[in-house]
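Asks: Going letter by letter, the sequence shown gives residues 151 to 400 in the working numbering.
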Amino acid sequence: RYFDGLLVTPAADGWTPRRPDAVPSEARAAEVEAKLHRATRLLRHLHERDIFANAYQEYLGRRLLTATSAGLALEQVALSLLQPYTAAEQHSKLKRMVSDCLASAEFITVFDEARLHCGHEADVIDAGVIELSVAILTAGAWPLRTLPPPAAAPSMAAPRWGWARDLEEQFTHLYASHHSSRKLAWAPHLSTAEVVTTYLAGGEQATLVVSASQLALLLCFNGAATTRPLSHLLASSGLSAPQLLRALDT
Numbered sequence: 151r152y153f154d155g156l157l158v159t160p161a162a163d164g165w166t167p168r169r170p171d172a173v174p175s176e177a178r179a180a181e182v183e184a185k186l187h188r189a190t191r192l193l194r195h196l197h198e199r200d201i202f203a204n205a206y207q208e209y210l211g212r213r214l215l216t217a218t219s220a221g222l223a224l225e226q227v228a229l230s231l232l233q234p235y236t237a238a239e240q241h242s243k244l245k246r247m248v249s250d251c252l253a254s255a256e257f258i259t260v261f262d263e264a265r266l267h268c269g270h271e272a273d274v275i276d277a278g279v280i281e282l283s284v285a286i287l288t289a290g291a292w293p294l295r296t297l298p299p300p301a302a303a304p305s306m307a308a309p310r311w312g313w314a315r316d317l318e319e320q321f322t323h324l325y326a327s328h329h330s331s332r333k334l335a336w337a338p339h340l341s342t343a344e345v346v347t348t349y350l351a352g353g354e355q356a357t358l359v360v361s362a363s364q365l366a367l368l369l370c371f372n373g374a375a376t377t378r379p380l381s382h383l384l385a386s387s388g389l390s391a392p393q394l395l396r397a398l399d400t
């Protein structure tokens with residue numbers, strides 16, 4: 151947890167897959183690196199290093215997938231310091247997780263350029279604009295067992311999710327054209343969305359970070375009345391009744 155506290159940054163300053171070049175200030179980076187050097191010295195006296203490595207992998211995965219890492223450069227510094235204290239196979243997985251994020255950011259740039267070239271500058275839901283960011287994870291390298299189960303995702307077959315299916319098809323087609331030997335398996339239950347809202351007085355904007363299920367529920371009220379019958383929410387959101395109730399509770 152101490153390492154995680156050093157390598158987590160507030161969302162406003164954090165790295166996202168779309169911005170791999172985002173870094174903390176030089177002073178902050180130097181301070182974190184110095185503390186990492188001091189902390190890793192304690193690992194010399196740790197006997198159950200595999201337990202530490204497994205916990206570190208889970209925290210690293212959470213930082214990278216929730217875009218709360220202090221920066222990939224600092225993550226790489228931490229991994230280099232941890233290398234003498236982690237098994238070769240475990241360390242290879244940690245390095246793969248960071249390299250997956252770098253590769254994902256690069257391919258998102260390729261995808262954005264391809265959409266511009268094809269005239270798809272933006273996909274629109276009513277008056278909103280969608281920007282897509284995808285993390286392409288290597289199977290077996292990520293500790294996904296600690297994240298929400300597939301049952302937490304809405305059904306993409308619902309009519310309201312047509313825009314999401316279109317984006318998925320565009321991305322899958324382009325990725326296959328660049329990597330013919332690889333196959334993507336989408337995991338919408340791991341996704342989050344940043345939603346810009348204007349519900350505050352005076353039309354002031356507020357940005358919400360929500361899960362896929364919460365997004366499905368919010369979209370049912372996009373540009374519509376403030377109340378909706380439960381039957382409409384079930385039909386439009388793609389959520390089952392238990393998923394809808396959980397989304398309403400959160």
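All C-beta atoms, glycine included, are put in the ideal place defined by N, C-alpha and C. Treat the numbers as computed from the prediction; the structure is a model and nothing was measured.
(1) When we look at the beta-carbon of K243 and count the other beta-carbons within 10 Å, is it buried (16 or more) or exposed?
(2) If you run the structure through DSSP and keep just helix, strand and coil, what is A220?
(3) Starting from the C-beta of S341, find all residues in its chain whose C-beta is less than 7 Å away, skip the five residues before and the five after it, and write them out in chain order.
(4) With distances taken from CA atoms, which of R178, S386, V359, V248 is nearest A285?
(5) Kindly indicate which three-state DSSP category E181 falls into: helix, strand or coil?
(6) Take A253 and list the residues in its own chain whose beta-carbon comes closer than 7 Å to its own, dropping the five residues that flank it on each side.
(7) Based on the DSSP output, what are the partners of A343 in its beta bridges?
(8) How many Å lie between L317 and L232 at the Cα?
(9) Exposed or buried, T159, counting other C-beta atoms within 10 Å across all chains shown (16 or more means buried)?
(10) If you draw a straight line from the alpha carbon of A184 to that of H241, how long is it in whole angstroms?
(11) Exposed or buried, which one is I280 when buried takes at least 16 other CB atoms within 10 Å?
(12) Measuring only between beta-carbons, confirm whether H382 sits less than 7 Å from chain D.
(13) Quick check on the burial criterion: 16 or more other C-beta atoms within 10 angstroms. Buried or exposed for Y152?
(14) Below 8 Å on the Cβ atoms is my guess for A157 versus R213; work out the distance and round it to an integer in Å.
(15) Got a sec? Which residues, its chain only, sit under 6 Å from R378 by beta carbon, not counting five neighbours each side?
(16) On the CB-based measure, 16 or more other CB atoms within 10 Å of its CB, does T236 come out buried or exposed?
(17) Assuming D154 contacts Y209 (C-beta within less than 8 Å), just tell me the rounded distance between them.
(18) What is the DSSP secondary structure of I275, counted as helix, strand or coil?
Replies: In short, the structure shows the following:
(1) As a first step, residue 243 must be located in the sequence shown, where it is residue number 93. Classification of K243: buried, given that the 10 Å Cβ count is 16 or more.
(2) The count along the sequence shown starts at 1 and reaches residue 220 at position 70. It is coil, neither helix nor strand.
(3) Your numbering for residue 341 matches position 191 in the sequence shown. Around S341: A362.
(4) Sequence index remark: in the sequence shown, residue 285 carries index 135 (1-based). Residue V248 is the option with its Cα nearest to A285.
(5) As a working mapping, residue 181 is identified with position 31 in the sequence shown. Helix.
(6) As a working note, residue 253 is residue 103 in the sequence shown. Within the same chain, A253 has close Cβ partners I286.
(7) By 1-based counting over the sequence shown, the position of residue 343 is 193. BP columns for A343 point to V360.
(8) Residue mapping note: residue 317 aligns to position 167 of the sequence shown, counting from 1. Residue mapping note: residue 232 aligns to position 82 of the sequence shown, counting from 1. Their backbone Cα atoms lie some 38 Å apart in a straight line.
(9) Stepping through the sequence shown from its first residue, residue 159 is reached at position 9. Classification of T159: buried, given that the 10 Å Cβ count is 16 or more.
(10) In the sequence shown, residue 184 corresponds to position 34, counting from 1. In the sequence shown, residue 241 corresponds to position 91, counting from 1. Each residue's alpha carbon lies about 21 Å from the other.
(11) Position 130 of the sequence shown holds residue 280. Classification of I280: exposed, given that the 10 Å Cβ count is below 16.
(12) Protein chains in the displayed structure number just one, and chain D is not present.
(13) The sequence position of residue 152 within the sequence shown is 2, counting from 1. Y152 is exposed by the Cβ-count criterion.
(14) For the purposes of this step, residue 157 is taken as the residue at position 7 of the sequence shown. For the purposes of this step, residue 213 is taken as the residue at position 63 of the sequence shown. The sequence as given places Leu at residue 157; Ala does not occur at that position. The Cβ separation is near 6 Å, so the contact holds.
(15) To locate residue 378, count along the sequence shown from 1; it is residue 228. Taken in chain order, the residues that qualify are C370.
(16) Here residue 236 is taken as the residue at index 86 of the sequence shown, counted from 1. Classification of T236: buried, given that the 10 Å Cβ count is 16 or more.
(17) Taking the first residue of the sequence shown as position 1, residue 154 is located at position 4. Taking the first residue of the sequence shown as position 1, residue 209 is located at position 59. That pair is a contact at about 4 Å.
(18) Start at 1 with the first residue of the sequence shown, and residue 275 comes out as number 125. Its pLDDT being 46, under 50, I275 is placed unreliably in this model, and the value from its coordinates should be taken loosely. Strand.
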